[in-house]
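In this note's numbering, the protein residues as written are 10 to 761. Data block below; observations after.
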Ligand code: AHR
């Protein structure tokens, strides 16, 4: 193969293309990036967060101690609960920390903060292993601080708070941070995780989450309220806790001030997401004054980020320690919303935000799927409303990514741009990283794509809500997945402008197409469905199949098909809230196609495919079943085209594209500050590719990640897959052999 780079022929400007997405999922914040080591430091855990929580979750008694929870006359009215501990000398309570416990390292220092008082003057002792401190309490709430030095390394340490003399004391706050946080900040972040993120050199950070931002009571002051950035700023003790919709408790210690600071530290653009005045999970829609307040909150965020200190929220920022403005170039409204109700609200947000600050680039939503009616609607509204970017999300099989490396090739670049705000292939193996890398070469060159970030970012191994994730960690270790390395390589070596790259002998090689073939059956999804008038037409003729009733997880078999078919049937739901699926081309549980009818919360009609156990939603439309209604359905497979109709109306249509890998997926760019020409090459196949690369240079840095497709990193073997770096002396070009299953960056120094 011969690869020719044309540094003089410049294409798309890359701007802020590759960035990061942070969501407090998998305990990514509390028990994760946020370096607080005490679980339930303010006694605000409650069943509203998770049925099993109490105000004393994370705490245990030591010896004789009677512990109760009160909320009268609290030191922090917005987090009013505190523990009242009646204990004999040497007895009290201890905190168990997150995961295996509080993780300390011998010789390291930990900053302890307590808020406490006692009925009658008494002393309490706070101990972390051998290190301890004694405080004399008074009848008034007071803050007590100390720095403790850990005597040993321990991954299951406890913070023990005990009475020195028998007595009764109240504890409203117990906090412990390593002094060695990222940038040494007191309300700081975990250094190792931040370093791994900063090392990537992201161009932006989307925060504070996806579903996290739109699930809750419309009253943001409710304990169960929707995430509102205003509740996350100001003194940390008084930021009201909330229910995190991933099934746990969220302290807000990592709030909008900390997110903006992190972006500033990493030199990237903050990309906050604000709620668009609705909770799509529970169909709650803000109206009137409530909606106006949601819009006002978005406007106030602009002041908090970059308004003068003479503005109300600019002053709050200054009081928190940052009178200078932060940056705020992007603002996203909503996450995955595709309801008509969102689009009408988005128009109001857009009008108000543009009036206040026309320089802010606005981001709308195209929902959680890569194709279909709501996706198209999101784009249509974005064009009508002149939005700058549209947030797309999808999680797919690696095969889907390899089959869609031209998804945005024909997308016009003069309207709203694609912000791929969440994507990942299902898995943290090398095969996933390779598929994502191949796709990223397309994202880099597609003119319509402006921003892209992998999701989710972080996962504490003790609290898994979602997998895959980019970085895994426990209390003392982190594991960089191959997906992380790919993201980092593309970010660190993004460049400023695409340059033309040509290659000989690099045509895509499509996987051989075999007809869609296998078993066909109906399967219920916890509902009772009557099925009748079933007809299956194949090239061999039309057959009438028996009627049936399915409920629970019942199956009703329709035999097998091989190639084209048309299936028609009538159904009626008689019980339940959901629907059913029609499987076809079913080889086994891991390799199958299905039409999902009334999936998720009775609102999808989707055509999906599972390859080697990994699912891809090929296309989705909105559809809900009404119990008792009789519906006539049709599903057609014609070659690689799959189409479905409900009551004569076409609902879904897709082409089942197969992976078509090129010998090398290529992307090239120029970094203007250094003059470096950067070539990225992804070899997803089993054969090595040797290429002559024509581009004069004064020296070339080669960074390469290569491993077998099933390889992965773990906490115990975090470097099983890691990139190798070497230098090549200057010359008129380079000859390089790209190993099988590899991602390579060649950075060619200017001046050759
Ligand atoms: O990244 C995990 C979740 O996936 C996000 O919260 C949501 O936006 C998406 O559905």
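Just so it is clear, CB atoms sit at the ideal spot from N, CA and C, and this is done for glycine as well. Computed from a prediction, not measured in an experiment: that's the story for all the values here.
How would you label residue i, buried or exposed, when you count the other beta carbons within 10 angstroms and need 16 or more for buried?
i, result
"residue 124", "buried"
"residue 763", "Residue 763 lies beyond the range of the chain shown here (10 to 761); nothing can be said about it."
"residue 724", "exposed"
"residue 296", "exposed"
"residue 291", "exposed"
"residue 735", "exposed"
"residue 66", "buried"
"residue 496", "buried"
"residue 315", "buried"
"residue 377", "buried"
"residue 56", "exposed"
Excluding the 5 residues preceding and the 5 following residue i in the sequence, name in chain order all residues of the same chain whose CB lies nearer than 7 Å to its CB.
i, result
"residue 206", "29 and 275"
"residue 611", "586, 587, 588, 633 and 634"
"residue 200", "189, 190 and 191"
"residue 600", "619, 620 and 621"
"residue 565", "530, 531, 540, 557 and 559"
"residue 328", "none"
"residue 180", "91, 92, 94, 123, 125 and 170"
"residue 228", "234"
"residue 73", "96, 97 and 100"
"residue 733", "713"
By alpha-carbon positions, which one of the options ends up nearest to residue i?
i, options, result
"residue 70", "656, 172 and 256", "172"
"residue 427", "468, 440 and 372", "372"
"residue 289", "315, 253 and 222", "222"
"residue 333", "339, 340 and 322", "322"
"residue 209", "434, 27 and 685", "27"
"residue 628", "280, 489, 380 and 178", "380"
"residue 305", "517, 354, 335 and 394", "354"
"residue 637", "684, 652 and 584", "584"
"residue 534", "605, 408 and 548", "605"
"residue 19", "135, 687, 231 and 744", "687"
"residue 681", "398, 294, 508 and 166", "508"
"residue 348", "382, 362, 341 and 339", "382"
"residue 11", "749, 745 and 751", "745"
"residue 684", "58, 359 and 758", "758"
"residue 384", "617, 42, 346 and 75", "346"
"residue 244", "85, 258 and 230", "85"
"residue 215", "54, 387, 337 and 679", "337"
"residue 502", "642, 393 and 711", "711"
"residue 107", "225, 470, 82 and 359", "470"
"residue 330", "352, 267, 320 and 293", "267"
"residue 44", "193, 246, 747 and 648", "193"
Do residue j and residue i come within 9 Å of each other at the CB atom, strictly closer than that value?
i, j, result
"residue 672", "residue 514", "yes"
"residue 429", "residue 391", "no"
"residue 104", "residue 183", "yes"
"residue 169", "residue 115", "no"
"residue 510", "residue 13", "yes"
"residue 505", "residue 451", "no"
"residue 405", "residue 624", "yes"
"residue 483", "residue 109", "yes"
"residue 525", "residue 594", "yes"
"residue 691", "residue 287", "no"
"residue 742", "residue 701", "yes"
"residue 146", "residue 127", "yes"
"residue 17", "residue 467", "no"
"residue 410", "residue 689", "no"
"residue 573", "residue 555", "no"
"residue 88", "residue 58", "no"
"residue 37", "residue 407", "no"
Grab me the residues of residue i's own chain with a C-beta within less than 6 Å of its C-beta, minus the 5 sequence neighbours each way, in chain order.
i, result
"residue 546", "575"
"residue 760", "707"
"residue 213", "25, 28, 277, 278 and 280"
"residue 420", "457"
"residue 265", "238, 241 and 242"
"residue 669", "517 and 519"
"residue 39", "260"
"residue 652", "645 and 662"
Return the chain-ordered list of same chain residues with a C-beta closer than 8 Å to the C-beta of residue i, the five sequence neighbours on each side being excluded.
i, result
"residue 218", "31, 32, 33, 34, 236, 282 and 344"
"residue 613", "605, 607, 629, 630, 631 and 632"
"residue 138", "113, 159, 160, 161, 163 and 166"
"residue 650", "662, 663, 664 and 665"
Cβ-heavy atom distance between residue i and the ligand SAM below 8 Å?
i, result
"residue 598", "With respect to small molecules bound, the structure shown includes the ligand AHR and not the ligand SAM."
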